[in-house]
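As structure tokens, the structure follows; a few thoughts come after it.
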Amino acid sequence: MSTADGLLSSVTLVLGGARSGKSRHAEALVRGAGPGPWAYVATAQAFDDEMRERIARHRADREATGPGGWRTVEAPLDLGAAIAAEPAARPLLVDCLTLWLTNLMLGQRDIAAGIDALEAALAARGAPSVLVANEVGLGIVPDNALARAFRDEAGRLNQRLAARAGRVHFIVAGLPIVVK
Amino acid sequence: MSTADGLLSSVTLVLGGARSGKSRHAEALVRGAGPGPWAYVATAQAFDDEMRERIARHRADREATGPGGWRTVEAPLDLGAAIAAEPAARPLLVDCLTLWLTNLMLGQRDIAAGIDALEAALAARGAPSVLVANEVGLGIVPDNALARAFRDEAGRLNQRLAARAGRVHFIVAGLPIVVK
Amino acid sequence: MSTADGLLSSVTLVLGGARSGKSRHAEALVRGAGPGPWAYVATAQAFDDEMRERIARHRADREATGPGGWRTVEAPLDLGAAIAAEPAARPLLVDCLTLWLTNLMLGQRDIAAGIDALEAALAARGAPSVLVANEVGLGIVPDNALARAFRDEAGRLNQRLAARAGRVHFIVAGLPIVVK
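Below, the structure is given as structure tokens:
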């Protein structure tokens, strides 16, 4: 699998904390990459009212800042397949990898296979792909083992994609620190 | 409100985690901005002994590092009014916005109105203003809804002020990363 | 103690969150500093199975990435003495300071004396020393007082060593941000 190891120069990883402005920054990168329509691959699943509200607010923000042209695809679990189904020349945003990882863990899916499929789908694209992920490892060690396991998986996923991405931005208060 | 949207070039936002050295860095920026007296606008309220001790330690650190000249103003809630009452030519430090936000939430004050008043007061000043704020969104999602709501508000406040500030520094272990 | 205040130009501090890739980055710095054998000063104590597994995984990663040549020293408490016992010309890695601090606090040792001994041992070395530490202050304020006290101590330790180190790297998703 030689393509699984090389640099994916058209991929940008956007990392940041909660409410850091990472989604907005990522959307601007995709809009700036070329004319729409752009693919918005949403991984969120609304389990409760708080989540439903958050999803609706993000969607409203997106529609308010863009001139339209976003095509939303829901991909809570089969992310690689969803990306592979998009036209290869269409700029694409995945928001976000950390929720997707949560979904895989809750659904007891094969995480390694999911990441392999994601990377293969990204490698097959020509247009820019921007991936949003949360940095969750900079607080105190969580009390419960599940949270620690999740934190470890999320950190490993971020490291793996950061190693392969052409660009990595770490967002602080809406502003990017260019890490790569 | 045209002044509410423009860049506030004399404002510096200093972001960082707990015990990251952000207050010390901010104090050095204010002292370096010109001769004293400098205004120290403190937002902390001492609810318990731990907090009282922390406030006293910060004050002792401040007096130990500066050649004097700090004029302390307490502004746990009406921050905009406190800043507006200071001489416009006096360098000023606000420490910190995140505690102020906590006070507004606990006191059930109007947060949007408070931020508007803060920005208007900053826009009316000529001298440098340095604002300290905590970054709190880089850990695991908190268990309780109030902590999540606070984290969201704090992130939004940081984004808003970072967009308007002339300079933004992110502090790690006492050292600044220049973000803007 | 004039040596206790000067810059330790051969010391690098590598900061990062959980699973940020900070150990791997630090190991690469030590390997790149010169031919082995290199000293690996491990501060971890295995209190439970989770910890035992984590230690074994780190060791396996280390042996997988390096061409051998690592000499492991266990120093859960007396870190300064362990470093002083190593040949002064041997490149050295301490992984990690934050676990060492935990051990000192749980063992009710004198933290200030421990840090003094650490700095004296580092100052007496000629070869590169790379220190790994966790950044733990960028999440929500912890509920319990012990976690808050630990967070404060860890932040102070990081600040102190960052001030003295010749280089400081902040690791995000395996990639370094050069802070100093």
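Residue numbers (this note's numbering), protein chains in the order written: chain A, 1 to 180; chain B, 181 to 360; chain C, 361 to 540. Backbone N, C-alpha and C fix where the C-beta goes; we use that ideal spot for every residue, glycine too.
Interface criterion met: the Cβ of E135 (chain A) is under 9 Å from a Cβ in chain C. Taken in chain order, the complete alpha helix (DSSP H) segments of 4 residues or longer contained in the region 230-301 of chain B are 259-265 and 277-286. Residues are counted here when their Cβ sits less than 7 Å from a Cβ of chain A; for the region 523-535 of chain C these are V532, A533, G534 and L535, given in chain order. When the Cα atoms are used, S309 (chain B) and Y220 (chain B) turn out to be separated by approximately 10 Å. Around the Cβ of R412 (chain C), a 10 Å sphere holds fewer than 16 other Cβ atoms; the residue is exposed. Think of a sphere of 8 Å around the beta carbon of K540 (chain C): the chain B residues whose beta carbon falls inside it are L355, in chain order. For N158 (chain A), the enclosing alpha helix (DSSP H) covers residues A145 to R164. Only those residues of the region 7-30 of chain A whose C-beta falls short of 9 Å from the nearest C-beta of chain B are listed: G16, G17, A18, R19, S20, G21 and R24.
R19 (chain A) carries a coil assignment under DSSP once its states are collapsed to helix, strand and coil. The Cβ atoms of G366 (chain C) and G155 (chain A) lie no closer than 9 Å to each other.
N494 (chain C) sits buried, since 16 or more C-beta atoms from the chains shown fall within 10 Å of its C-beta. At least one CB of chain C lies nearer than 9 Å to the CB of L161 (chain A). When CB distances to chain C are screened at a threshold of 7 Å, the residues of the region 325-339 of chain B falling below it are A327 and R331, in chain order. The beta carbon of G319 (chain B) sits closer than 9 Å to some beta carbon of chain A.
Against chain C, the CB of P322 (chain B) has a partner CB under 9 Å away; the residue lies at that interface. Between L175 (chain A) and D332 (chain B), the alpha-carbon positions lie close to 16 Å from each other. Here Q159 (chain A) is buried, its C-beta having at least 16 other C-beta atoms within 10 Å.
Taking 7 Å as the upper bound on Cβ-Cβ separation, chain C lies near no residue of the region 232-244 of chain B.
Distance from the CA atom of G249 (chain B) to the CA atom of S190 (chain B), rounded to whole angstroms, is 21 Å. Taking every protein chain shown into account, the CB of T98 (chain A) has 16 or more other CB atoms within 10 angstroms, so this residue is buried.
The straight-line gap separating the alpha-carbon atoms of E50 (chain A) and E74 (chain A) is approximately 18 Å. Following the DSSP letters along the chain, one finds I537 (chain C) inside the beta strand (DSSP E) bounded by residues L535 to V538. Around the C-beta of R199 (chain B), 16 or more other C-beta atoms lie within 10 Å, and the residue is accordingly described as buried.
Between D323 (chain B) and G139 (chain A), the alpha-carbon positions lie close to 14 Å from each other. Across the structure, R422 (chain C) and V141 (chain A) are spaced so that their CA atoms are roughly 23 Å apart. Assigned with DSSP and collapsed to three states, A123 (chain A) falls in helix.
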